[in-house]
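S.K.:
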Amino acid sequence: MQKPCYGARMLRLSDIRRRFDRAAAGFDDVDFVHAVTRKGLASRLEPVRLTGRTVLDLGSATGGAGRQLRKRLRRPHVVSLDLSRAMLGEAQRRKSRLSKSSFVQADAHHLPFADATFDLVIANQLLPWITDVPGLFREVARVLAEGGVFAFATLGPDSFRELGAAWSQADVSAGVRPEGPRTGTGPPTGTGPPTGTGTATGGHVNPFPDMHDIGDALVGAGLRDPVLDVDHLAVTYGDAGRLFADLTATGARNALAGRSRGLTGRARFGAMTEGLYAGDKIRLDLELVYGHCWGSGPSKDAGEFRIDAGKIAHRRRDR
Numbered sequence: 072m073q074k075p076c077y078g079a080r081m082l083r084l085s086d087i088r089r090r091f092d093r094a095a096a097g098f099d100d101v102d103f104v105h106a107v108t109r110k111g112l113a114s115r116l117e118p119v120r121l122t123g124r125t126v127l128d129l130g131s132a133t134g135g136a137g138r139q140l141r142k143r144l145r146r147p148h149v150v151s152l153d154l155s156r157a158m159l160g161e162a163q164r165r166k167s168r169l170s171k172s173s174f175v176q177a178d179a180h181h182l183p184f185a186d187a188t189f190d191l192v193i194a195n196q197l198l199p200w201i202t203d204v205p206g207l208f209r210e211v212a213r214v215l216a217e218g219g220v221f222a223f224a225t226l227g228p229d230s231f232r233e234l235g236a237a238w239s240q241a242d243v244s245a246g247v248r249p250e251g252p253r254t255g256t257g258p259p260t261g262t263g264p265p266t267g268t269g270t271a272t273g274g275h276v277n278p279f280p281d282m283h284d285i286g287d288a289l290v291g292a293g294l295r296d297p298v299l300d301v302d303h304l305a306v307t308y309g310d311a312g313r314l315f316a317d318l319t320a321t322g323a324r325n326a327l328a329g330r331s332r333g334l335t336g337r338a339r340f341g342a343m344t345e346g347l348y349a350g351d352k353i354r355l356d357l358e359l360v361y362g363h364c365w366g367s368g369p370s371k372d373a374g375e376f377r378i379d380a381g382k383i384a385h386r387r388r389d390r
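To convert, count from 1 in the sequence shown and add 71; that's our numbering.
Dropping the structure here:
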């Protein structure tokens, strides 16, 4: 049996939709992670031969990835798909009048398209909000034309370890029993983008996928010759208020269906915040996972995928 990328979890899609609806208008001003990985995706696609013109931008948000691809492709038809109607509205307002575009509000788990429709499918930071990652990859394989390309970027399980550790310590100090081990982490309840550690965090975080699990799921879905690599981004904040403002403004809050519905106490939240500081700064490390693969056809190495270890790098960003 194939191991799931995230372990057992259920996400409340209605919560995700509402949060991204609220975040849409100011999303591009604060979500620098999307911008960084969008550029990373574009650079990794430079040596890849792209021959088609029909593009699906999964989890498109305000459409930045699709607009970036127009610089590479000749008059492409870009279909932006997102769960949030407000995000699609922002994407539509930003599009060029001469560009060929479509906007579809739908759940990425169930793509409303015929088989072999697209020459290129991209997904920038969508995976943290997917309940069934292998199922998503099967849908991508279904709608991707033979020889078409699927490219994605996501956060790895080493992202935001500092937040996960601070929450764990605050819970222990408050005598709160953790809910059990998880395969990664996410953001503090009520705030920003998924954040990571490999320990139990009492429901404060959403899990991130492991790169090897992603590779297994791609192969299991029938996508061929996946190549994955990892980059690292260090983000420094001068104060916790700016950090949590950025996190909240992205709309990326903890949406696990099984998490506690109770409010986190102010004292515990304060203890977590204090635990984030190293001196007078807060440093957060993000693990950026990139991958690309091809549509149906004979695989060169059946059942295997490649990790480009030579491309593991580090970057810094101050906020």
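By construction, the Cβ of each residue, glycine as well, lies at the ideal position given by its N, Cα and C atoms.
None of the values given here were measured: they were computed from a predicted structure.
For chain E, check one thing: does any of its Cβ atoms lie closer than 8 angstroms to the Cβ of R124?
M.R.: In the structure shown, chain E does not exist; there is a single protein chain.
S.K.: As an exercise, report each continuous beta strand (DSSP E) stretch of at least 3 residues that is fully enclosed by the segment 142 to 192, in chain order.
M.R.: Runs of the beta strand (DSSP E) inside the segment 142 to 192: 148 to 153, 171 to 176.
S.K.: Who does R354 pair with in a DSSP beta bridge?
M.R.: Beta-bridge pairing links R354 to T307.
S.K.: Return the first residue and the last residue of the beta strand (DSSP E) that A216 is part of.
M.R.: Per DSSP, A216 belongs to the beta strand (DSSP E) from 215 to 226.
S.K.: Quick one: using the 10 Å Cβ neighbour count with 16 as the cut-off for buried, is R168 buried or exposed?
M.R.: Classification for R168: exposed.
S.K.: Give the C-beta separation of T307 and R354 to the nearest angstrom, bearing in mind that I take them to be a contact with Cβ-Cβ under 8 angstroms.
M.R.: Going by Cβ atoms, the distance from T307 to R354 rounds to 5 angstroms, so yes, they are a contact pair.
S.K.: Going by alpha carbons, who is nearest to L82 out of I201, L140, S244?
M.R.: The residue with the shortest Cα to Cα distance from L82 is I201.
S.K.: Should G196 and A179 be called a contact, given that it needs their Cβ atoms to be closer than 8 angstroms?
M.R.: The amino acid at residue 196 is misidentified as Gly; the sequence shows Gln. Taking 8 angstroms as the Cβ cut-off, Q196 and A179 do not qualify as a contacting pair.
S.K.: Mapping the DSSP letters down to three states, classify R332 as helix, strand or coil.
M.R.: The pLDDT assigned to R332 is 45, lower than 50, so where the model puts this residue is not dependable; a value taken from the coordinates is nonetheless given after this. If DSSP states are grouped into helix, strand and coil, R332 belongs with coil.
S.K.: Kindly list the residues whose CB is nearer than 6 angstroms to the CB of A136, restricted to its own chain and excluding five residues on each side of it in sequence; keep chain order.
M.R.: Correct list, in chain order: R109, D128, I193, N195.
S.K.: Compute the distance between the beta-carbons of L289 and P278, then report whether it is under 8 angstroms.
M.R.: In this structure, P278 does not lie closer than 8 angstroms to L289 by Cβ.
S.K.: Among D86, L357, L121, whose alpha-carbon lies nearest the alpha-carbon of E233?
M.R.: Of the candidates D86, L357, L121, the one whose C-alpha sits nearest the C-alpha of E233 is L357.
S.K.: On the CB-based measure, 16 or more other CB atoms within 10 Å of its CB, does T133 come out buried or exposed?
M.R.: Per the 10 Å Cβ criterion, buried.
S.K.: When we look at the beta-carbon of S172 and count the other beta-carbons within 10 Å, is it buried (16 or more) or exposed?
M.R.: Per the 10 Å Cβ criterion, buried.
S.K.: Judging by CA-CA distance, which residue of L144, D186, Q176, A292 is the nearest neighbour of R156?
M.R.: Among L144, D186, Q176, A292, the Cα nearest to that of R156 is on Q176.
S.K.: Got a sec? Which residues, its chain only, sit under 7 angstroms from V237 by beta carbon, not counting five neighbours each side?
M.R.: What sits at residue 237 in the sequence shown is Ala, not Val. Hits under 7 angstroms: M343, G346, L347.
S.K.: For D203, name the three-state secondary structure that DSSP assigns.
M.R.: Coil.
S.K.: Between the alpha carbons of A162 and S151, how many angstroms are there, rounded?
M.R.: Between A162 and S151, the C-alpha separation is close to 8 angstroms.
S.K.: For a test of the three-state rule: what should DSSP assign to V298, helix, strand or coil?
M.R.: Strand, per DSSP.
S.K.: Do A185 and H363 count as a contact pair if the criterion is CB distance below 8 angstroms?
M.R.: Not a contact, by the Cβ cut-off of 8 angstroms.
S.K.: Give the secondary structure of T125 by DSSP, where H, G and I count as helix, E and B as strand, and everything else as coil.
M.R.: In the structure shown, T125 sits in a strand (DSSP, three-state: E or B).
S.K.: What are the boundary residues of the alpha helix (DSSP H) that Q196 is part of?
M.R.: Note, Q196: premise wrong, no alpha helix (DSSP H); not H, not E.
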